[in-house]
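Worksheet: one structure, shown below.
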Ligand SMILES: Cc1cc2nc3c(=O)[nH]c(=O)nc-3n(C[C@H](O)[C@H](O)[C@H](O)COP(=O)(O)O)c2cc1C
Ligand SMILES: Cc1cc2nc3c(=O)[nH]c(=O)nc-3n(C[C@H](O)[C@H](O)[C@H](O)COP(=O)(O)O)c2cc1C
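Chains as they are written, first to last, in my numbering: chain A, 1472 to 1908; chain B, 1472 to 1908.
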């Protein structure tokens, strides 16, 4: 047992039908992402495992053939708000697009969630890579780099709005009848290239001061936005050495923005398939893979790679492929892995069906804990974003079998030390910059 | 005791610091609209009183001198979602603007709330009369009638999106692996004057089929929108005969849209101040009025009338006043009452401070029940939107003293007959119009 030192952070990627594309078919698995009791159960397990946060992705378009949890789901902010009322510690993170929203609305919703949850809100700022969303908003989808230019300003406006109220502005003086001290509320008066936003929000300074910002982009502009603004970064990994290089690359960008590397927690996505024996784990994964439907998996791989891959004979080896602008971290990590491991197209689309391009580890609680410990200690990451293949069973397995080993080894908290997500991440509550002087 | 027949509907207008501008100063009153436990308590009282719905207003701008509950508050959809997790029957209604939102986002949030709450979501479609919101969205505030033109199309798009999934589209066939039947999901392909929205939503058909639509506009275009699309209409009243005329006027517009008058429940706002004796009730109201701060009340009246009224000597009688385009139901009802009752400007701004222009009734449980019964039976309304002066006490008073009398008289349910808001309102669950043929 190591002496307690640097501590891992853990998040869970919540999808009602499981992260595996066919997870809902696993015996005993939940089969809906539109059932509050399912996500409440996931949140309960997360709190039992002392997780830092639960995370909900989002996109603004759907097709019936998609991953079941993407096809029919709750809207993330309403769902997290419902969970705020039935949980006490776990952080609540959701995706909102900087391309298809107004900063005032996003700032307000997350400020409200931060109040509702007593300081547990986190916003995953994404630029919406798909492009299909445009058709639901009567818009033309902007180019990759243009989306990030908007995102940079968008995040600043949101943070500025969060700063418009100073602590202590709501005085509620029963004697004088003064409710708010007007000297502690300011307008933002933002006039930028893309947005003009006066402010303030109709929401006082939130428990965390600033809700947490998550980021998951891996292009140059994506990493720049993360290095400047994010508190937590989700990474896509398939290989230890690549992950270490990515970790250093991100953290070394931070000093240019006056930040220290410790101010971002890098959490790669990983799907753990846990068995009491190696054979049992392998058997579970085989069962899951046996449920994968070729059409679905092919269409997910095509969308991840940004091009139709059904033209390749499934049993041919994967070859080098030009990746279009719309591709992202998944495409690069998966293609590199396929070439390295000499995979066929069939292997690759099966892998994508499993964890959507995220890393899959299969083994006993000990071997999985060993791997996570190695990645953490060799600074490939600061913790993990766990993607249970199905719910609740696969998440129970991780929390009940792997987490205790990490705790035993002094790598992970046994109890929450605080109540806010900032507390869990070890980040101080910032003062409003508008009132700091 | 009358035989049970036509039944009243009751809503409650939720504001954390009370509907009275100084309600938070009343001994024992809640003092925050950013405290989940306060609104959870309000929701519990509403369910004890078998209320049809709780309702949250909203606007998209703030100033520290505003009504405390308007100045610092939760965002309505996140707040209702939190309440969805801790209530079982009461309807959950919130305002979203058709001027400062995208129909796709609004449709989705209310669809999500309808799933989370198992069929209790209601959307109050407003056009945002203030104009201040424009500055938070880098926009010019559109004119009154132009806002309603947008609203007409906006509501249609939202309803169209709610219709894109047929019942039974989510098949979850464990044998075949088919999750969704693609024949039961359609695009909307809306191409209108203001919006182009392809659809579908990533949310299956909701428990209510269509969430309930609330409307509160009282101009010509406002009434037209309500007559065509609303299930519940909030009215502003000060006088029985005027209310009866307004009720007939709205319902008589409905046949032109192929609708029957019973398909809308008209609920005027009323602030009941209940005492065990007339003297006690009067004393309560005086205490509340004694807390009103002249500046706040003047600025609320000015905003209600759409012009600065501080120029009038407070003890002069109110005189006829030209009302600008931006004024609305409140202005007309209040000015008429002031002229009728020969009020001074001071009387009028005190009245506005009390219930923001809504009707105030003060008396014993019996006299209040008598008045509500008379209004209901003479078809001035189909029920009431209750505005407790402060929480929880003034709402407890109404639920524990007045509701039992209404029940005793056979005017109001003793138990919920169903679980959805549609059930409470006696409205059938519609089939999707996209699949009806
Ligand atoms: C764990 C994880 C979660 C993500 N969640 C979302 C999401 O919810 N919605 C979305 O549009 N994109 C999501 N993405 C995609 C990224 O945010 C980003 O948009 C994409 O990688 C393209 O950006 P890039 O070009 O900078 O790599 C996610 C990525 C990762 C790794
Ligand atoms: C009970 C009630 C609640 C209302 N709630 C809101 C609200 O939350 N937000 C808002 O912008 N307007 C609200 N209004 C204003 C109306 O929806 C409407 O915008 C206003 O009356 C102007 O429309 P009109 O010109 O058709 O009368 C409310 C009105 C009433 C009577």
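The beta-carbon is built from N, C-alpha and C at its ideal position, and this holds for glycine as well.
From a predicted model like this one, the values you see are computed outputs, not experimental measurements.
Practice prompt. Determine the DSSP secondary structure at residue 1669 of chain A, reduced to helix, strand or coil.
Written response: coil
Discussion item. Can you tell me where the alpha helix (DSSP H) holding residue 1582 of chain A begins and where it ends?
Written reply: 1574-1587
Discussion item. Give me the chain A residues within the contact set of residue 1668 of chain B, using Cβ-Cβ distance strictly less than 9 Å, ordered along the chain.
Written reply: 1606, 1607, 1608, 1609
Worksheet item: Who are residue 1656 of chain A's beta bridge partners in DSSP?
Response: A/1636
Worksheet item: Is the region 1548-1568 of chain B touching the region 1857-1865 of chain B in the sense that three or more CB pairs, one from each, lie closer than 8 Å?
Response: no
Worksheet item: By how many angstroms is the C-alpha of residue 1573 of chain B removed from the C-alpha of residue 1842 of chain B?
Response: 42 Å
Fill in: Min CB distance residue 1638 of chain A to chain B below 9 Å
no
Practice prompt. May I ask which residues mark the beginning and end of the alpha helix (DSSP H) holding residue 1875 of chain A?
Written response: 1874-1879
Discussion item. Check whether chain B comes within 9 Å of residue 1554 of chain A, counting only Cβ atoms and requiring the distance to be less than that.
Written reply: yes
Worksheet item: Does residue 1861 of chain A get closer than 9 Å to chain B when you measure Cβ to Cβ?
Response: no
Worksheet item: From this set, A/1658, A/1848, A/1647, A/1651, which residue's C-alpha is nearest residue 1603 of chain B's C-alpha?
Response: A/1658
Fill in: Cα-Cα separation between residue 1749 of chain B and residue 1755 of chain B, rounded to whole angstroms
10 Å
Practice prompt. Identify every residue that forms a DSSP beta bridge with residue 1565 of chain B.
Written response: B/1527, B/1594
Fill in: Paired residues, beta bridge with residue 1706 of chain A - DSSP
A/1739
Item to complete: Starting from the Cα of residue 1616 of chain B, find the closest Cα among B/1642, B/1576, B/1668, B/1695 and give me that residue.
Response: B/1695
Worksheet entry | Close-in-space but distant-in-sequence residues of the same chain around residue 1635 of chain B (CB under 8 Å, 5 per side omitted) | 1656, 1657, 1658, 1659, 1670, 1671, 1672, 1903, 1905
Worksheet item: Quick one: what's residue 1686 of chain B bridged to in DSSP?
Response: B/1704
Discussion item. On the CB-based measure, 16 or more other CB atoms within 10 Å of its CB, does residue 1473 of chain A come out buried or exposed?
Written reply: Any reading at residue 1473 of chain A must be qualified, since the residue scores a pLDDT of 44, below 50, and its modelled position is unreliable; the value itself is stated next. Residue 1473 of chain A comes out exposed.
Worksheet item: According to a CB-to-CB cut-off of less than 7 Å, which residues of the region 1645-1665 of chain B neighbour chain A?
Response: 1645, 1648, 1650, 1651, 1653, 1656
Practice prompt. Measuring only between beta-carbons, confirm whether residue 1621 of chain B sits less than 9 Å from chain A.
Written response: no
Discussion item. Let me confirm a value: residue 1689 of chain B is counted as buried when at least 16 other C-beta atoms fall within 10 Å, else exposed. Which label applies?
Written reply: buried
Worksheet item: In terms of alpha-carbon separation, which member of A/1874, A/1640, A/1663 lies closest to residue 1654 of chain A?
Response: A/1640
Item to complete: Answer with yes or no whether the minimum CB distance from residue 1541 of chain B to chain D is below 9 Å.
Response: Among the chains of the structure shown, chain D does not appear; the protein chains present are A and B.
Fill in: Length of the line joining the Cα atoms of residue 1888 of chain B and residue 1888 of chain A
46 Å
Worksheet item: Going along chain A, which residues have a C-beta under 8 Å from residue 1686 of chain B?
Response: What residue 1686 of chain B touches in chain A: nothing, since even the nearest Cβ is about 22 Å away.
Worksheet item: Starting from residue 1554 of chain A and walking both ways along the alpha helix (DSSP H), at which residues does that stretch end?
Response: 1547-1555
Discussion item. So, with DSSP's three-state summary, where would you put residue 1856 of chain A?
Written reply: strand
Discussion item. Would residue 1762 of chain A pass as an interface residue toward chain B - the criterion being a Cβ-Cβ separation below 9 Å?
Written reply: yes
Worksheet item: Smallest Cα separation from residue 1637 of chain B: which of A/1607, A/1649, A/1543, A/1586?
Response: A/1543
Worksheet item: If we cut at 9 Å on Cβ distances, does residue 1729 of chain A have a partner in chain B?
Response: no
Fill in: Any non-hydrogen atom of ligand 4 closer than 8 Å to residue 1709 of chain A Cβ
In terms of ligand content, the structure shown lacks ligand 4 and carries ligand 1 and ligand 2 instead.
Discussion item. Counting only C-beta atoms, is residue 1618 of chain A closer than 9 Å to chain B at any point?
Written reply: no
Worksheet item: Which whole-angstrom value describes the C-beta separation of residue 1742 of chain A and residue 1831 of chain A, a residue pair presumed to lie in contact below a C-beta threshold of 8 Å?
Response: 5 Å
Discussion item. By the DSSP assignment, the alpha helix (DSSP H) with residue 1895 of chain A in it spans what residues?
Written reply: 1892-1896
Discussion item. I want to see whether chain A comes within less than 9 Å of residue 1511 of chain B, judged by CB atoms only; does it?
Written reply: yes
Discussion item. My output table needs one value for residue 1510 of chain A: the three-state DSSP class, helix, strand or coil.
Written reply: helix
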